[in-house]
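*Asks:* Let me give you the structure first, and then I'll get to my questions.
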Amino acid sequence: MSGLETVVSYVRGELQEDYSDFFNKYHSFYGPNGYCEALANLKRKNKDIVQISFPSASLQRRSIPIAKLSAKSRSNAPHFLVTGMIHAREFISGEVCLGVLESLIADYRNGDKLLEEATWYFLPVVNPDGFVRNVELVDAGKRFGSLQRKNMNGVDLNRNFDDNFSQRSWTTKLSFSPEYAGTEPFSEPETRFLKKVVEEIQPKAVINFHSFSNAILYPPWSSQEKNEYMQLLALRMSAAMLKPYSAVQGSRFLEHTAGKAATLIRHPTVEGTFDGWLYKKGTPSMLVEISKPSLALAAISHLAGYNPPPSELDFHKKNCALAAERFFKEMLYGF
2 MSGLETVVSY VRGELQEDYS DFFNKYHSFY GPNGYCEALA NLKRKNKDIV QISFPSASLQ
62 RRSIPIAKLS AKSRSNAPHF LVTGMIHARE FISGEVCLGV LESLIADYRN GDKLLEEATW
122 YFLPVVNPDG FVRNVELVDA GKRFGSLQRK NMNGVDLNRN FDDNFSQRSW TTKLSFSPEY
182 AGTEPFSEPE TRFLKKVVEE IQPKAVINFH SFSNAILYPP WSSQEKNEYM QLLALRMSAA
242 MLKPYSAVQG SRFLEHTAGK AATLIRHPTV EGTFDGWLYK KGTPSMLVEI SKPSLALAAI
302 SHLAGYNPPP SELDFHKKNC ALAAERFFKE MLYGF
């Protein structure tokens with residue numbers, strides 16, 4: 002379907018119908034179809050392997066829910082961290098983060114022993130304040146134009162980490178910019194919370210889900226040095242997928258998505274990211290960009306531009322779970 006056809010379908014046709022009643026298909030934050038209740042239900046059904054906590058950690062004192070998943074793990078078993086929705090309008094990232102958790106549980110119940118090899122921590126909603134605001138906007142009928150990307154201080158949380166922060170692009174220094182990084186690293190309670198989680202659990206590796214691009218982004222981010230090991234790992238993750246994604250170095254993502262001309266306006270590297278900070282600390286991480294709508298659709302609607310139709314949710318969960326599980330196995334057992 003062409004870009005114009007996609008837009009027409011979203012405005013008038015079948016695609017519009019697919020996006021109706023959106024948060025009865027995607028999760029909201031609160032309520033019977035919310036992440037808090039979904040995680041609590043997972044714990045009730047899987048008390049032997051799931052623990053849930055709801056620490057109050059956002060600017061508006063909302064919880065950033067954490068699910069801990071382990072089964073008979075030895076005391077020195079490695080830890081993995083999986084996150085979603087650091088950008089509040091990328092609803093699909095939280096869904097897929099939850100989907101990977103559910104997939105690991107289902108595999109374990111079917112006899113897979115991977116769960117006994119490590120302990121996993123899942124944070125499907127890192128930016129709950131922005132997410133709750135977006136749910137309110139969508140429920141009020143907002144289908145076109147902008148949704149909240151940043152936190153309620155107007156800071157892009159994924160530019161607020163200590164990775165070459167002083168060298169960041171001019172676009173991150175403007176308070177009205179979608180990429181505004183704040184005044185200093187870890188100025189925001191949400192990023193300080195993620196820092197605390199990482200320092201406490203010392204993950205062997207991390208996966209962060211985002212949208213959009215159909216890409217697996219590997220480090221480094223704030224320099225263009227090559228890391229062939231991380232590139233190979235991204236390629237192997239892609240090969241495990243039903244619909245493979247492109248493997249792209251994080252510091253070349255702008256060139257990948259917008260072309261070389263874009264680097265004349267903004268330097269190609271990306272400073273202040275969670276993944277860049279992890280890499281600086283020596284922790285391998287992958288950023289998975291889910292779904293790739295037409296640019297025309299993305300231009301008129303952040304709802305549909307960043308989030309696949311609800312009818313495609315199961316496919317994206319399965320597709321990304323395959324990549325995530327390959328990543329975990331490669332990190333545990335090697336190539």
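Heads up: the sequence shown is residues 2 to 336, going by this note's numbering.
The beta-carbon is built from N, C-alpha and C at its ideal position, and this holds for glycine as well.
#1: How about Ile106 and Asn47: do their beta carbons lie closer than 7 Å?
#2: Using a 10 Å radius around the Cβ and a threshold of 16 neighbouring Cβ atoms, would you call Gln125 buried or exposed?
#3: At what residue ranges does the segment 95-128 contain a whole run of the beta strand (DSSP E), taking only runs of 3 or more?
#4: Helix, strand or coil, according to DSSP, for Val156 in the structure here?
#5: To which residues of the same chain is Glu185 closer than 8 Å at the C-beta, ignoring the five residues directly before and after it?
#6: Alpha carbon to alpha carbon, how far is Lys69 from Met287?
#7: Just to confirm my understanding: we take Met238, look at its own chain, exclude 5 residues before and 5 after, and list those with CB closer than 6 Å. What are they?
#8: Could you pull out every residue in the same chain whose Cβ sits closer than 7 Å to the Cβ of Leu148, ignoring the five residues on either side in sequence?
#9: What does a CB cutoff of less than 7 Å around Met231 pick up in its chain, not counting 5 residues either side in sequence?
#10: Whole angstroms are fine: how far does the CA of Val8 sit from the CA of Asp108?
#11: Taking only three categories from DSSP, how would you classify Ser239?
#12: Looking at the unbroken alpha helix (DSSP H) that takes in Ala248, where does it start and where does it end?
#13: Should Asp49 be labelled buried (16 or more other beta-carbon atoms within 10 Å of its own) or exposed?
#14: If you draw a straight line from the alpha carbon of Val97 to that of Glu229, how long is it in whole angstroms?
#15: Assign Asp140 to one of two classes, buried (16 or more other C-beta atoms within 10 Å of its C-beta) or exposed (fewer than that).
#16: Over the uninterrupted alpha helix (DSSP H) stretch that includes Phe328, give me the two end residues.
#17: Would you mind working out which of Gly32, Phe123 and Leu99 sits nearest Ala206, comparing C-alpha positions?
#18: Evaluate Glu201 with the Cβ neighbour count: other Cβ atoms within 10 Å of its Cβ, from every protein chain shown; 16 or more gives buried, anything less gives exposed.
#19: Within 10 Å of its beta-carbon, does Ile65 have 16 or more other beta-carbons around it, so buried, or fewer, so exposed?
#20: Who are Tyr219's beta bridge partners in DSSP?
#21: What ranges does the beta strand (DSSP E) occupy inside the segment 182-233, keeping only unbroken runs of at least 3 residues that lie completely in it?
#22: If I follow the unbroken alpha helix (DSSP H) through Gln17, where does it start and stop?
#23: With 16 other CB atoms within 10 Å as the buried threshold, where does Glu180 fall?
#24: Across which residues does DSSP place Met287 in a beta bridge pair?
#25: Please work out which residues of its chain come closer than 8 Å, Cβ to Cβ, to Lys282, disregarding the five sequence neighbours upstream and downstream, and give them in chain order.
*Replies:* From the atom records:
#1: yes
#2: The amino acid at residue 125 is misidentified as Gln; the sequence shows Pro. Burial call: buried.
#3: 120-124
#4: coil
#5: Phe166
#6: 20 Å
#7: Ile217, Ala324, Arg327 and Phe328
#8: Arg90, Asn135, Leu138, His303 and Leu304
#9: Tyr219, Pro220 and Pro285
#10: 38 Å
#11: helix
#12: No alpha helix (DSSP H) contains Ala248, which is instead part of the beta strand (DSSP E) from Ser247 to Gln250.
#13: exposed
#14: 27 Å
#15: exposed
#16: Leu314 to Tyr334
#17: Of the candidates Gly32, Phe123 and Leu99, the one whose C-alpha sits nearest the C-alpha of Ala206 is Phe123.
#18: exposed
#19: buried
#20: Gln250
#21: 206-211 and 216-219
#22: Residue range Glu15 to Tyr20 is occupied by the alpha helix (DSSP H) that includes Gln17.
#23: buried
#24: Secondary-structure assignment with DSSP links Met287 through a beta bridge to Ile208.
#25: Val199
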